[in-house]
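To keep things clear, I will list the structure first and then write my remarks on it.
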Amino acid sequence: NSRIPIEKALKDEKMSEEHKTTLRLAMKAKLFAEEKLKLKKSGSYSSYVALNRPFVTYAVSAAPKWDLKHYQWNYLIVGKMPYKGFFNLEDAKLEEENLKKQNLDTYLRGVSAYSTLGWFDDPVLSSMMSYKNYDLVNTIIHETAHTTLYIKNSADFNERMAVFLGNQGSELFYQELEGKDSATLRQVQLENEDDKIFSEFISQELTQLENWYKEQTQIDKQTEERRTTRIKEIQSRFLEKIKPKLKTQIYDYFQKLDLNNARLNGYKTYMKDLSDFEKLYELVNHDFKKFIEKCQSLEKHHQPEEGLKKLISSLLN
85 NSRIPIEKAL KDEKMSEEHK TTLRLAMKAK LFAEEKLKLK KSGSYSSYVA
135 LNRPFVTYAV SAAPKWDLKH YQWNYLIVGK MPYKGFFNLE DAKLEEENLK
185 KQNLDTYLRG VSAYSTLGWF DDPVLSSMMS YKNYDLVNTI IHETAHTTLY
235 IKNSADFNER MAVFLGNQGS ELFYQELEGK DSATLRQVQL ENEDDKIFSE
285 FISQELTQLE NWYKEQTQID KQTEERRTTR IKEIQSRFLE KIKPKLKTQI
335 YDYFQKLDLN NARLNGYKTY MKDLSDFEKL YELVNHDFKK FIEKCQSLEK
385 HHQPEEGLKK LISSLLN
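The sequence shown begins at 85 in our numbering and counts up by one.
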């Protein structure tokens, strides 16, 4: 009810020129996603909402303490999801406390943008205006990817695909907007390269941690001190082996996080095995339309992540 057309927002004398420039960029990113990347056309990102608060929703996630499985909620349309969103922070905190009483790890985070998967026309939100320009472009492509394809009960596959498309799409956007010698394009490329390095690292660490949990079957082994020490080893290896390889500061925060299984599952959802999407992208000769079509072919697959690996194998053969 609070949304107004972007064209009207751009005429608001009270809005700063910086915000107006950001809105114009959002419109360009939407058009690029639809026209050049061949993502689904919709009425999204043609309106604007001033929220007067830092986040639009607050998402709660949870996980068992001795297993890297998602605690999942069931929804009518999208199926099982590893998080639950609240418009009210106090409601989110109450949900988190209830989950902690069930002896679960929890993670509560503010959300600046989301997709309604094409059911409604999503607006540009004031919570998105503080992004770096290229992060805003990435976000709009990411969310438009969700509108284009969203496989029920497969949040991990959906999010990883959108992360990959957001990264690749933002490179192409700035290559067209500012040219191949663009400083912005170079920064986007460096951050995308760091994403690949971190994805490979965290994918291996999550698999190893899952195996470690399976070995801790005896109750006397399952102490919080052992678990905390084991999780901190991930951050130690990051600091020693991965951080020196990174060319940007986008993962500097990782070594300082208070990690638990719920938070690690966030990386499992968004960052694990991104290399599979890279392989598919290369096999379709960097054709966004063909890439989407191949992903859409997995829509009926019970486990699209495994289906993607088999698809890649078949294309290689």
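Positions of the beta carbon are idealized from the N, C-alpha and C atoms, including for glycine.
Ignore the nearest five residues each way along the sequence and tell me which others in K125's own chain have a CB closer than 6 Å to its CB. E118
Tell me whether R137 sits in a helix, a strand or coil according to DSSP, three-state version. coil
Which full runs of the alpha helix (DSSP H) of 4+ residues lie inside the segment 285-351, going along the chain? 308-321
Buried or exposed: where does K114 fall if 16 or more other Cβ atoms within 10 Å of its Cβ makes it buried? buried
Look at the Cβ atom of H154, then the Cβ atom of P138, and state whether they are nearer than 8 Å. no
Assign D371 to buried or exposed, taking buried as 16 or more other Cβ atoms, counted over all protein chains shown, within 10 Å of its Cβ. exposed
Buried or exposed, going by whether 16 or more other CB atoms sit within 10 Å of the CB of K384? exposed
When V221, K374, K373, G127 are compared against F257, the one with the closest alpha-carbon: V221
Going by beta carbon distance, what residues of the same chain come within less than 8 Å of L183, once the five residues before and after it are set aside? V144, A146, Y155, T190
Minimum C-alpha distance to S131 - residue among I326, A93, L188: A93
Would you call R108 buried or exposed, if buried means 16 or more other Cβ atoms sit within 10 Å of its Cβ? exposed
Tell me, please, whether the segment 323-343 touches the segment 274-286 by the rule of three or more beta-carbon pairs shorter than 8 Å. yes
Quick check: the segment 357-368 against the segment 248-262, are there 3 or more CB pairs under 8 Å? yes
Euclidean distance between Cα positions of F241 and H103: 33 Å
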